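Peer 1: Below are the structure tokens for one structure; questions will follow.
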Amino acid sequence: MTNLEAKTPAHALLHPFPVEQGELVVGGLPLSRLATRVGQTPFYAYDRRLLTQRVAELRAILPASVKLHYAMKANPMPALVCHMARLVDGIDVASAGELKVALDAGADPREISFAGPGKQCRELQQAVAAGILINIESVREVTELTAISRAAGCAARVAVRVNPDFELKSSGMKMGGGAKQFGVDAEQVPALLAEIGRHPLNFEGFHLFAGSQNLRPEAIVEAQAKSYELAVRLASHAPSPLRFLNLGGGFGIPYFPGERHLDLEPIASGLATIAERAARELPDAELVIELGRYLVGEAGIYVTRIVDRKVSRGQTFLVCDGGLHHHLSASGNFGQIIRKNYPVVIGNRMTSTVAETVSVVGPLCTPLDLLADRMQLAETQVGDLVVIFQSGAYGFTASPQAFLGHPACVEVLV
Ligand SMILES: *Cc1c(COP(=O)(O)O)cnc(C)c1O
Numbered sequence: 001m002t003n004l005e006a007k008t009p010a011h012a013l014l015h016p017f018p019v020e021q022g023e024l025v026v027g028g029l030p031l032s033r034l035a036t037r038v039g040q041t042p043f044y045a046y047d048r049r050l051l052t053q054r055v056a057e058l059r060a061i062l063p064a065s066v067k068l069h070y071a072m073k074a075n076p077m078p079a080l081v082c083h084m085a086r087l088v089d090g091i092d093v094a095s096a097g098e099l100k101v102a103l104d105a106g107a108d109p110r111e112i113s114f115a116g117p118g119k120q121c122r123e124l125q126q127a128v129a130a131g132i133l134i135n136i137e138s139v140r141e142v143t144e145l146t147a148i149s150r151a152a153g154c155a156a157r158v159a160v161r162v163n164p165d166f167e168l169k170s171s172g173m174k175m176g177g178g179a180k181q182f183g184v185d186a187e188q189v190p191a192l193l194a195e196i197g198r199h200p201l202n203f204e205g206f207h208l209f210a211g212s213q214n215l216r217p218e219a220i221v222e223a224q225a226k227s228y229e230l231a232v233r234l235a236s237h238a239p240s241p242l243r244f245l246n247l248g249g250g251f252g253i254p255y256f257p258g259e260r261h262l263d264l265e266p267i268a269s270g271l272a273t274i275a276e277r278a279a280r281e282l283p284d285a286e287l288v289i290e291l292g293r294y295l296v297g298e299a300g301i302y303v304t305r306i307v308d309r310k311v312s313r314g315q316t317f318l319v320c321d322g323g324l325h326h327h328l329s330a331s332g333n334f335g336q337i338i339r340k341n342y343p344v345v346i347g348n349r350m351t352s353t354v355a356e357t358v359s360v361v362g363p364l365c366t367p368l369d370l371l372a373d374r375m376q377l378a379e380t381q382v383g384d385l386v387v388i389f390q391s392g393a394y395g396f397t398a399s400p401q402a403f404l405g406h407p408a409c410v411e412v413l414v
């Protein structure tokens, strides 16, 4: 035990995994046995049952007419996308690489949409050939898609991604409002719609995405209401009636001490109001929300093994075989302004009553490689398993795996 105070208060988080005989149980296996089954640490494990449960919970509360899409950049693991494709109404992709995974997963091309700045000509060709919906984000894309449609003899299915004239309040990451590389500014959309109307393109609707990781329901409700209003205003300039309206998402999950689960009730009733109005004002439009993190984030854990214990000037460091090169977000270097600890436990000592204040670090030669900064954890030995919760989104593929040349991490769906 050190005499250092824990740096942050404990997480209020109740993790969704059972505990048996002192071990976290993941996919029906005690963690140490799962680690043997996987064949190595570090690894990510995603729980099918939790993914299914999360979608079912959302469906139970959201209006039945609102379609649920999975934004797969949050976690593009092919087996997971396969699982999600059967549960949700559509998949949102952000590149031709993701499009391949979605199509391989069996997603219906009619229910796949493609957003992202800087779509390349080859990617647009692939998207038109696949018959998916393309969210246009610039005039160049209109020009390219027109040429591609003519050459292919089939009209591209397009929607316009609108950069709204408002911002999503208290969002972790703002992706709409103000000057942005995403979408087309709302005030430029009427001219773009006229341009689309002059070409052999199949216009279907609008896509608005205001931001990510929002834990304030009233901010999400407001953004969705404003998005809807904007879409109605812009619809009067559209070359054909709206058949598709994607109102975004941005639902957050709790990561840090003091954060709570998002209250879905106000969001569901806000969407119900929008759905009622849409039935009158935009009768042909299918309403969609697209969620990444909220669907998969809490179903995943990252597991790394302690390879060394060191005490430096009174502070204990647990040195692990994994670090920021696998889990950049947990190190605080993926969009955090002030570094805070993710929820971390010792997965094979869940019922230990002996605690100590330790820092969990990785094997990289940089002080940024910090997975837990002075947290109260169960007392450990070399060989124990450190678990980071809330790791199902923006983990594996959002981390610089090649940095320092350590062995690759693996992912399992359990
Ligand atoms: C990243 C992204 C999402 C998913 O965001 P989450 O915060 O993970 O739900 C949805 N739509 C678009 C356009 C995105 O770029």
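Position 167 (the sequence shown) corresponds to 167 in our numbering; numbering is contiguous. A virtual CB, placed ideally from N, CA and C, is assigned to each residue, including glycine. Computed from a predicted structure; not experimentally measured.
Among 163, 323, 195, which one has its Cα closest to the Cα of residue 141?
Peer 2: Among 163, 323, 195, the Cα nearest to that of residue 141 belongs to 195.
Peer 1: Just to confirm the assignment, what range does the alpha helix (DSSP H) spanning residue 121 have?
Peer 2: Taken as a continuous stretch (DSSP letters only), the alpha helix (DSSP H) holding residue 121 covers 121 to 130.
Peer 1: Return yes when at least one heavy atom of ligand 1 lies under 7 Å from the C-beta of residue 98, else no.
Peer 2: No, Cβ of residue 98 sits at least 7 Å from all heavy atoms of ligand 1.
Peer 1: Indicate, with yes or no, if ligand 1 has a heavy atom lying under 7 Å from the CB of residue 350.
Peer 2: No - ligand 1 has no heavy atom lying nearer than 7 Å to the Cβ of residue 350.
Peer 1: Taking 7 Å as the cut-off, is the CB of residue 249 close to at least one heavy atom of ligand 1?
Peer 2: Indeed, a heavy atom of ligand 1 lies less than 7 Å from the Cβ.
Peer 1: Measuring from the CB of residue 84, is there a heavy atom of ligand 1 at a distance below 7 Å?
Peer 2: No, since every heavy atom of ligand 1 falls outside the 7 Å radius drawn around the Cβ of residue 84.
Peer 1: Would residue 161 and residue 207 be called neighbours here (beta carbons separated by less than 8 Å)?
Peer 2: Yes. Within cutoff.
Peer 1: From what residue to what residue does the beta strand (DSSP E) around residue 422 run?
Peer 2: What the structure shows of the chain is the stretch from 1 to 414, and residue 422 is not part of that stretch, so it cannot be assessed.
Peer 1: Using DSSP with H/G/I as helix, E/B as strand and the rest coil, what is residue 498?
Peer 2: With the chain covering 1 to 414 only, the question about residue 498 has no answer from this structure.
Peer 1: Can you check whether the CB of residue 288 is closer than 8 Å to the CB of residue 251?
Peer 2: Not closer than 8 Å, so no.
Peer 1: Could you give the C-beta distance for residue 67 and residue 89, rounded to a whole number, given that I count them as a contact under 8 Å?
Peer 2: Rounded, the Cβ-Cβ distance is 4 Å, consistent with contact.
Peer 1: From residue 377 to residue 309, what does the alpha carbon distance come to, in whole angstroms?
Peer 2: C-alpha separation (whole angstroms): 13 Å.
Peer 1: What's the gap between the Cα of residue 176 and the Cα of residue 292?
Peer 2: Distance between the alpha carbons of residue 176 and residue 292: 17 Å.
Peer 1: Is residue 413 closer than 8 Å to residue 79 when the C-beta atoms are compared?
Peer 2: Yes.
Peer 1: With DSSP as the reference, label residue 365 as helix, strand or coil.
Peer 2: Correct three-state label for residue 365: coil.
Peer 1: Give me, in chain order, the residues of the same chain whose beta-carbon lies closer than 6 Å to that of residue 87; leave out the 5 immediate sequence neighbours on both sides.
Peer 2: Cβ within range, chain order: 55.
Peer 1: Would you give the residue range spanned by the alpha helix (DSSP H) that residue 270 belongs to?
Peer 2: Note, residue 270: alpha helix (DSSP H), 264 to 281.
Peer 1: For residue 1, which three-state DSSP category applies?
Peer 2: Only weak support exists for where residue 1 lies, its pLDDT of 39 falling under 50; the value from the coordinates is given anyway. Reduced to three states, the DSSP call for residue 1 is coil.
Peer 1: Return helix, strand or coil for residue 183, following the three-state DSSP convention.
Peer 2: Residue state, collapsed to three classes: coil.
Peer 1: To the nearest angstrom, report how far apart residue 408 and residue 102 are at their CA atoms.
Peer 2: Answer to the nearest angstrom: the Cα atoms are 24 Å apart.
Peer 1: Residue 369 and residue 331 - do their beta-carbons sit closer together than 8 Å?
Peer 2: Against a cut-off of 8 Å, the Cβ pair of residue 369 and residue 331 comes out as a contact.
Peer 1: Residue 146 by DSSP, collapsed to three states: which one?
Peer 2: Residue 146: helix per DSSP, three-state reduction.
Peer 1: Which stretch, first to last residue, makes up the alpha helix (DSSP H) that contains residue 32?
Peer 2: That run of the alpha helix (DSSP H) goes 31 to 38.
Peer 1: When DSSP labels each residue in this structure, what does residue 110 get in the three-state scheme?
Peer 2: Note: residue 110 maps to helix in three-state DSSP.
Peer 1: For ligand 1, I want to know if residue 46 counts as a neighbour, meaning its beta carbon is within less than 7 Å of at least one of the ligand's heavy atoms.
Peer 2: No, Cβ of residue 46 sits at least 7 Å from all heavy atoms of ligand 1.
Peer 1: Is it a yes or a no for the segment 360 to 368 touching the segment 315 to 334, going by three-plus beta-carbon pairs under 8 Å?
Peer 2: In short, these stretches touch, since the Cβ pair count reaches three.
Peer 1: For residue 4 and residue 231, what's the separation of their Cα atoms in angstroms?
Peer 2: For residue 4, the predicted model reports a pLDDT of 46, less than 50, meaning its position is unreliable; a value from the coordinates is still stated below. Looking at the two C-alpha atoms, the distance is approximately 55 Å.
Peer 1: Are residue 344 and residue 40 touching if we call contact CB-CB under 8 Å?
Peer 2: Not in contact: residue 344 and residue 40 (Cβ atoms no closer than 8 Å).
Peer 1: Pull up the CB-CB distance for residue 227 and residue 247, whole angstroms please, since I reckon it's below 8 Å.
Peer 2: Confirmed, Cβ separation roughly 5 Å.
Peer 1: Verify the contact flag: residue 245, CB atom, against every heavy atom of ligand 1, threshold strictly below 7 Å.
Peer 2: Residue 245 Cβ: outside cutoff for every heavy atom of ligand 1.
Peer 1: Within the structure, which residues are defined as neighbours of ligand 1 by a Cβ-heavy atom distance below 5 Å, reported in chain order?
Peer 2: Result (chain order): 71, 74, 115, 209, 212, 249, 290, 291, 292, 293.
Peer 1: Within 10 Å of its beta-carbon, does residue 30 have 16 or more other beta-carbons around it, so buried, or fewer, so exposed?
Peer 2: With 16 or more other Cβ atoms within 10 Å, it is buried.
Peer 1: Can you tell me where the alpha helix (DSSP H) holding residue 101 begins and where it ends?
Peer 2: Residues 96 to 104.
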